[in-house]
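Notes follow the structure.
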Amino acid sequence: MSSLHYYFSPNSASHPVELNVDICVYGGSAGAITAAVQAARSGRTCALVMNTAWLGGLTAGGLGFTDIGNEAAIGGMAREFYGRVGNHYGVEEEWCFEPHVAEKVFRAMLAEAGVTPHLKQFLKSLKKEHGRLVSIQMESGLKVTARQFIDASYEGDLMAMAGVSSTFGREGNEVYGELVNGVQLRDKHQFEVPISPYVREGDPKSGLLPGISEGPLAPQGSGDRRVQAYNFRMCLTKAKDRLPFPKPESYNVLNYELLARYIARGWNEMFRKYDRIRNGKTDTNNHGAVSTDFIGGSDRFPEASYAEREEIFQRHVAYQQGLMWFWHNDLRVPAKIQQEMRTWGLAADEFQDTGGWPHQLYIRECRRLVSDYVTTELDCRGFRRAEDPVGLGAYALDSHNCQRLVINGRVFNEGDVQVKDFAPYPISYRSITPRRSECENLTVPVCLAASHISYGSIRMEPVFMILGQSAAIAAHLAIGLGDSAVQDVPYAALRQRLEQAGQRLQIEPKPKAKVVEDEAVPVPQM
Numbered sequence: 000m001s002s003l004h005y006y007f008s009p010n011s012a013s014h015p016v017e018l019n020v021d022i023c024v025y026g027g028s029a030g031a032i033t034a035a036v037q038a039a040r041s042g043r044t045c046a047l048v049m050n051t052a053w054l055g056g057l058t059a060g061g062l063g064f065t066d067i068g069n070e071a072a073i074g075g076m077a078r079e080f081y082g083r084v085g086n087h088y089g090v091e092e093e094w095c096f097e098p099h100v101a102e103k104v105f106r107a108m109l110a111e112a113g114v115t116p117h118l119k120q121f122l123k124s125l126k127k128e129h130g131r132l133v134s135i136q137m138e139s140g141l142k143v144t145a146r147q148f149i150d151a152s153y154e155g156d157l158m159a160m161a162g163v164s165s166t167f168g169r170e171g172n173e174v175y176g177e178l179v180n181g182v183q184l185r186d187k188h189q190f191e192v193p194i195s196p197y198v199r200e201g202d203p204k205s206g207l208l209p210g211i212s213e214g215p216l217a218p219q220g221s222g223d224r225r226v227q228a229y230n231f232r233m234c235l236t237k238a239k240d241r242l243p244f245p246k247p248e249s250y251n252v253l254n255y256e257l258l259a260r261y262i263a264r265g266w267n268e269m270f271r272k273y274d275r276i277r278n279g280k281t282d283t284n285n286h287g288a289v290s291t292d293f294i295g296g297s298d299r300f301p302e303a304s305y306a307e308r309e310e311i312f313q314r315h316v317a318y319q320q321g322l323m324w325f326w327h328n329d330l331r332v333p334a335k336i337q338q339e340m341r342t343w344g345l346a347a348d349e350f351q352d353t354g355g356w357p358h359q360l361y362i363r364e365c366r367r368l369v370s371d372y373v374t375t376e377l378d379c380r381g382f383r384r385a386e387d388p389v390g391l392g393a394y395a396l397d398s399h400n401c402q403r404l405v406i407n408g409r410v411f412n413e414g415d416v417q418v419k420d421f422a423p424y425p426i427s428y429r430s431i432t433p434r435r436s437e438c439e440n441l442t443v444p445v446c447l448a449a450s451h452i453s454y455g456s457i458r459m460e461p462v463f464m465i466l467g468q469s470a471a472i473a474a475h476l477a478i479g480l481g482d483s484a485v486q487d488v489p490y491a492a493l494r495q496r497l498e499q500a501g502q503r504l505q506i507e508p509k510p511k512a513k514v515v516e517d518e519a520v521p522v523p524q525m
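Per numbering that gives the first Met the number 0, residue 0 is the first one in the sequence shown, and the count goes up by one each step.
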């Protein structure tokens, strides 16, 4: 594996650089790119400061099988992006694309707007006066002074450093009157037959296998600080020049013992999420009780230091590469399955700097803003509707598992929730703006104010692109109003500009369909 495969590697500038701009966008997401492009298209000077070494976030980092929900909810620059990707393939739009094509499109959009991305930039400090951000200082020495700031990172580090209220983990259902937040023991991506959690099957004295906690299971719907599992969205191929999966130096066969036991009990759905994209490639995602999700490995990530995040990142790399090594080489994998597995490898023309391995860890959730309007399950299900939308959400309530634990001598996954078939819903402007008393010139379109379970719906790449563009339009208007607080931007004026930019802000509701929900699992009795 290339030595370039990392999360944290600060840009070592030879001398400090200072920029003074209208709008500073911080973060490595696709939403950061749309925010910067929109700022430039609005005639504002803009600095795009990215805490990644590559462009495009997860959209160009392996998630080519786009999570849409409802195409009608996607407008503005997000829709333009998918149209440009379509143009590359000779069609009107394309939602299932190769990672390098997404990066190429993003580079073209930035170049056309005259925006130069500053890569490998990590926050070191900031200056804040009278409730407003003045400047931010990077580890590399880069300093950016701006009139408006947009935190479009997956991590929410800028808003946290700015002293803005935020949270992470899962709220209890009682906090916002929700139904499926907090601890949830359900039937999807679950062990369908009893599997022993112990090093020696059935022997508690032998200790637990890696990644399993003793329990007990907290009450259904109760809150905690657990974070849904992260993984890498691998781009696989059967092409002749495919790359083999490397064996991690830290490979530990016990990490895959649960999988070996599950296979021995008859599980054989390992190819279910080899979602096809263009040119015979895949966007390969998690599926089943033991898969690419590193369950329990992300809990410390939100508030970890950069060095600690690098360690967490490398553990995710090692776990998932070890998983693929297991599939391809362990003799306990049935021959028929292993033969099919060996026809797949990493795409040689993708992620060439990192040996074909995705460079972007799928940070499914990290910090979340707490503002005057927190989007919740009530919004997603249509029980209330924000009157100041800056975009629409449309995907299912979707949380991946958060922990793996022992209940009465067998192993269970906990935290996976899937509730679907509801109409697109508005996302409030107040959900991307902090409380006025906390910061007047910051918007947060990615780590926005949402409960854990509603964020499971919002956290889709098209939505981040939509909200990034809307945040930049709001910042532009705030500057034009004499550097007003973003909270004071008149919504009527903002809405007019959003509609002019092609944003979809409402869809006429249809008769409500029956909401489809996965089922709770009864706790087994002794």
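Idealized CB from N, CA, C, for every residue including glycine. Source: prediction; values computed, not measured.
Own chain partners of residue i with C-beta closer than 8 angstroms, once the 5 adjacent residues on each side are dropped
i, result
"ASN285", "HIS188, ALA228, ASN230, LYS272, THR291, ASP292, HIS399"
"LYS119", "SER8, PRO9, ASN10, MET49, ASN50, THR51, ALA52, SER139"
"SER164", "LEU368, VAL369, SER370, PRO433, ARG434, GLU437"
"ARG299", "GLU307, ILE311"
"ARG409", "PHE190, PRO193, ILE194, SER195, PRO196, PRO523"
"ARG314", "PHE293, GLY296"
Contacts around residue i, its chain only, beta-carbon distance under 7 angstroms, and the 5 residues preceding and following it disregarded
i, result
"TYR454", "GLU364, ARG367"
"MET323", "PHE244"
"LEU178", "ASN172, GLU376"
"PRO75", "This sequence places Gly at residue 75; Pro is not what is there. The residues are ILE465, GLN468, ALA500, GLY501, GLN502."
"SER1", "Its pLDDT being 44, under 50, SER1 is placed unreliably by the model, and nothing is read from it."
"ARG429", "SER370, ASP371, TYR372, ASP387"
"GLY214", "LEU404, VAL405, ILE406"
"MET525", "Only weak support exists for where MET525 lies, its pLDDT of 36 falling under 50; the coordinates are left without a value."
"ALA159", "SER165, ARG366"
Cutoff 6 angstroms; reference residue i; Cβ partners in own chain excluding five residues on either side
i, result
"ALA259", "ARG331"
"LEU377", "ARG383"
"GLU173", "none"
"PRO218", "none"
"HIS475", "SER41, ARG43"
"ALA491", "none"
"ALA537", "The chain is shown from 0 up to 525; residue 537 falls before or after that span and cannot be answered."
"ARG380", "PHE421"
"VAL36", "MET108, ALA112"
"ASP150", "TYR25, LEU157, MET158, VAL443"
Short Cβ contact (9 angstroms threshold) for residue i with residue j
i, j, result
"PRO116", "ILE22", "no"
"GLY527", "GLY222", "Nothing can be reported for residue 527: it is not among the residues displayed for the chain, which extend from 0 to 525."
"PRO423", "ALA29", "no"
"GLN528", "GLY26", "The question about residue 528 has no answer here: the residues shown for the chain are numbered 0 through 525."
"PHE105", "GLY61", "no"
"ASP276", "PHE80", "Correcting the residue identity first, residue 276 is Ile in this sequence and not Asp. No. Outside cutoff."
"LEU441", "LEU47", "no"
"LEU184", "PHE421", "no"
"VAL488", "ILE431", "no"
"PRO425", "ASP66", "no"
"PRO98", "CYS234", "yes"
"ARG496", "ASP387", "no"
"VAL418", "LEU447", "no"
"LYS127", "GLN136", "no"
"GLU349", "LYS239", "no"
"SER134", "LYS142", "yes"
Residue i, buried or exposed, once every other Cβ within 10 Å from all chains shown has been counted against 16
i, result
"ASN19", "exposed"
"ALA519", "exposed"
"PRO510", "Because the pLDDT of PRO510 is 49, which lies under 50, any placement of that residue in the model is unreliable, and the question is left without a value."
"LEU391", "buried"
"ASP186", "exposed"
"PRO333", "exposed"
"LEU257", "buried"
"PRO247", "buried"
"PRO15", "exposed"
"VAL114", "buried"
"ASP202", "exposed"
"LEU157", "buried"
"SER205", "exposed"
"THR236", "buried"
"THR342", "exposed"
"SER249", "exposed"
Nearest-angstrom beta carbon gap, residue j and residue i [assumed within contact, 8 angstroms]
i, j, result
"GLY536", "VAL226", "Within the shown structure, residues of the chain are numbered from 0 to 525, placing residue 536 beyond reach of any answer."
"VAL485", "GLU439", "7 angstroms"
"GLY162", "LEU242", "So it is not a contact: roughly 45 angstroms between Cβ atoms."
"ILE526", "GLY220", "There is no way to answer for residue 526, as the model of the chain reaches only from 0 to 525."
Going along the chain, which unbroken runs of the alpha helix (DSSP H) with 4 or more residues stay wholly within the stretch 361-400?
-> 376-379
Any alpha helix (DSSP H) of 4 or more consecutive residues that is wholly inside the stretch 400-467 | 451-457
What runs of the alpha helix (DSSP H), each 4 residues or longer, lie entirely inside the stretch 8-67?
-> 29-40
Quick one: complete beta strand (DSSP E) runs, 3+ long, within the stretch 127-171?
-> 131-137, 142-150
Alpha helix (DSSP H) runs wholly inside the stretch 280-351, at least 4 long, in chain order = 305-328, 334-340
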